[in-house]
Every structure is written in C-alpha cells, then in structure tokens.
Amino acid sequence: MLVAFACARPPGGDIRAACASVTYTLDAGTSAADFSGRFAVTMVATTGDSSGNTAAGRLELVERARPDAPLVGTMDVPVETVDALRLGSLTTSADSAPGVLLLRSGEERPTILLRLGSEANAAGVIRFDGGYTVLEVLRVDEQGFAGSWRSGAGSGPERGGHFCAIRIGETPS
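Residue numbers (the numbering used here): 49 to 221.
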C-alpha cells in the first residue's frame with residue numbers, strides 16, 4: 049500500500065495542521081492542466097535528523113513549450129529546513145533551467161514528479177548520478193495536490209516525507 053498525506057484548507061487557516069493520510073488516486077485523466085497555478089506548499093520531514101520539521105512557502109507552475117515537460121515554475125520553500133538538498137535556484141523561471149519542472153509519465157497509472165532545482169532541471173542535460181530532490185504527486189483534487197518527497201545524493205542517506213499543495217490562485221495569462 050502506498051500512503052502519502054494531503055491537505056485541505058482548514059477553517060482556521062493553519063495549513064500545516066491539516067495534513068491527513070491518503071493513498072495513490074491518480075488516473076489516466078490526470079493532466080498537466082491540473083497543476084497550473086499558484087499554491088501554498090508545506091513539506092514535512094518524516095526521516096532523518098529533521099524528522100518532524102516543516103518547511104512552507106509558495107509554488108507557481110506555468111505552461112511552457114519545453115518538449116520534456118509541460119509545466120515549469122518557481123518555489124520559495126526553504127527545503128534545507130527538512131534536510132532536502134537544494135540543487136541550484138528554486139526561484140529561477142528560465143525555461144532552460146527552471147527552479148521546478150513537472151514531469152509526467154505513464155498512461156493508465158501516471159507518475160507525476162516535480163523535480164526541484166535549476167541545476168537538476170537544465171535543458172539538454174541527462175542526469176544519471178548526483179543529488180536530487182523530487183516531489184511525487186499521489187493525489188490531486190480541486191483544492192490542490194499532495195504526495196511524498198525524497199532527496200539524496202550518491203551513497204548518502206535518503207531523506208523524505210510528505211507534502212501538501214493548496215491552490216491559492218490561478219497563473220496570470
């Protein structure tokens with residue numbers, strides 16, 4: 049069983065306190081359009097020395113004509129707070145090396161990843177070794193999306209946890 053956590057917008061506004069356990073619910077109809085917009089993101093560490101720590105900020109994803117990814121974006125979450133690796137800037141919006149890159153694969157049971165860091169997302173570079181920080185989407189609905197995250201490098205320990213992304217606005221056209 050694959051378990052992650054999701055958030056709903058709580059009445060009092062404390063997004064961090066609203067995460068609840070969910071399982072994988074994506075289907076073939078899940079599209080990149082479901083992720084375009086602005087989101088409040090919370091990452092929670094569940095492994096390593098930072099277990100229990102949270103990091104929160106904003107994520108913005110916009111459509112681009114990049115052949116390897118339908119959406120690119122920026123994020124201002126201090127990922128080091130949850131012991132995740134920062135691989136370049138998360139706030140650059142350059143199509144050639146964005147801070148966030150949405151990758152989708154599979155049809156019947158899609159995999160949707162948000163790869164973090166401009167170094168990891170440089171166009172024309174195939175990464176097969178080195179560090180990574182990735183958010184794996186396991187659920188999407190009208191309020192946003194949620195899933196698990198992991199980060200690591202080489203033979204070092206993998207860190208991870210869960211995340212929630214609550215929609216707070218549409219992306220300007």
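Don't be surprised by glycine CBs; every beta carbon is placed ideally from N, CA and C.
C-alpha distance - residue i paired with residue j, whole-angstrom precision
i      : j      : result
THR129 : ALA76  : 34 angstroms
ALA81  : ARG163 : 17 angstroms
PRO59  : ALA88  : Because the pLDDT of PRO59 is 44, which lies under 50, any placement of that residue in the model is unreliable, and the number read from its coordinates should be weighed accordingly. If I take the Cα positions, the gap works out to 15 angstroms.
ASP97  : ASP131 : 8 angstroms
ASP143 : LEU183 : 19 angstroms
ILE214 : GLY192 : 5 angstroms
THR73  : VAL188 : 8 angstroms
THR71  : LEU186 : 7 angstroms
GLY154 : ASP116 : 14 angstroms
GLY200 : GLU190 : 31 angstroms
THR181 : VAL127 : 9 angstroms
ARG157 : VAL125 : 29 angstroms
SER99  : ARG152 : 29 angstroms
Assumed close pair residue i, residue j - CB separation to whole angstroms, cut-off 8 angstroms
i      : j      : result
GLY121 : SER137 : Actually they are not in contact, since the Cβ atoms of GLY121 and SER137 sit about 12 angstroms apart, beyond 8 angstroms.
ILE160 : THR78  : 7 angstroms
THR90  : ALA104 : 5 angstroms
Close Cβ partners of residue i (< 8 angstroms) along its chain, the five nearest in sequence each way excluded
i      : result
ASN101 : VAL92, ALA93, THR129, VAL130 and ASP131
Closest by C-alpha distance to residue i, when choosing among the options
i      : options                           : result
ARG134 : ARG157, ARG112 and GLU167         : GLU167
SER84  : THR90, ALA103 and ARG112          : ARG112
ALA145 : SER199, GLY208, LEU119 and THR95  : LEU119
SER203 : THR140, SER141, THR139 and GLY179 : GLY179
HIS210 : ALA194, GLU108, MET123 and ILE216 : ALA194
Where the beta strand (DSSP E) containing residue i begins and where it ends
i      : result
GLU111 : 102 to 111
ARG207 : 207 to 217
TYR180 : 180 to 189
PHE193 : 192 to 200
Close-in-space but distant-in-sequence residues of the same chain around residue i (CB under 6 angstroms, 5 per side omitted)
i      : result
ALA170 : ALA145
LEU149 : ALA117, VAL120, ARG163 and ASN169
ARG114 : ASP143
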